[in-house]
Amino acid sequence: EGLVVIGGNGSLTGGLRLAELGVKVAGVPATIDNDVWGTDSAIGVDTALNTALEAIDRIKDTASSHQRAHIVEVMGRGSVYLALMSAIAGGAEAAVVPEFEPRPEALLLFIKKAYEQGKSHFVVVVAEGRLSPPRSCTSTSTGLRAPTTHASRSLATSNAAASQRPPTGSWRAG
Numbered sequence: 002e003g004l005v006v007i008g009g010n011g012s013l014t015g016g017l018r019l020a021e022l023g024v025k026v027a028g029v030p031a032t033i034d035n036d037v038w039g040t041d042s043a044i045g046v047d048t049a050l051n052t053a054l055e056a057i058d059r060i061k062d063t064a065s066s067h068q069r070a071h072i073v074e075v076m077g078r079g080s081v082y083l084a085l086m087s088a089i090a091g092g093a094e095a096a097v098v099p100e101f102e103p104r105p106e107a108l109l110l111f112i113k114k115a116y117e118q119g120k121s122h123f124v125v126v127v128a129e130g131r132l133s134p135p136r137s138c139t140s141t142s143t144g145l146r147a148p149t150t151h152a153s154r155s156l157a158t159s160n161a162a163a164s165q166r167p168p169t170g171s172w173r174a175g
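Take 2 as the starting number for the sequence shown in the working numbering and just add one per residue.
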């Protein structure tokens, strides 16, 4: 008798603690973070990557036809793998990953300069939680509340200024 633990670092660490207590444990890495030491690829990584790529492909179509910058946040918490692989394979113009401190102002400047040089659209892949914490905004026309980030608000304002048209919809903080 024993226990098969299927999961990521947390689950496998729990399995290790049980093994230290004498329980027979077999661990199977299953995490989209792909950050379990000693494995090349965990169960779930391929599905997560392909799901992100599908979303990026669809968003790129929209971005190119509407001349906008889009931020795609992918899961993965503190792991760079999914965000970086999604950005590379999806042909994103930029990636914001845990290994580097996020600087929304630098990202906005990068996008603005590219727009000035004729680039018409952008897709930026962001690792989960790498930009400022979400804050709620309320649509003035519908009353619906939606989470947003500093970067998405700044990009909307920057895009509107660049195109000399107001941001899509009207939102107020809070």
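All C-beta atoms, glycine included, are put in the ideal place defined by N, C-alpha and C. Remember, predicted model here, so these are calculated numbers, not experimental data.
Measure the Cβ-Cβ separation of residue i and residue j and say whether it is below 8 Å.
i	j	result
A93	V46	no
H122	R69	yes
R131	P99	yes
S87	I44	no
For residue i and residue j, which I take to be in contact (beta-carbon distance under 8 Å), what is that distance rounded to the nearest angstrom?
i	j	result
K25	L50	Actually they are not in contact, since the Cβ atoms of K25 and L50 sit about 33 Å apart, beyond 8 Å.
A90	A128	The Cβ separation is near 15 Å, so there is no contact.
P30	L13	7 Å
What separation, rounded to the nearest whole angstrom, lies between the Cα atoms of residue i and residue j?
i	j	result
L22	G16	10 Å
A53	F101	21 Å
I7	L108	38 Å
S42	E74	21 Å
L110	E117	10 Å
K120	A96	17 Å
T63	K114	21 Å
I72	E55	14 Å
Would the segment 74–83 count as touching the segment 27–38 if we require 3 or more Cβ pairs under 8 Å?
Segments in contact, yes.
For the segment 7–71, which segments carrying the alpha helix (DSSP H) assignment without a break, of at least 4 residues, lie completely within its bounds, in sequence order?
10–21 and 46–67, all fully within the segment 7–71.
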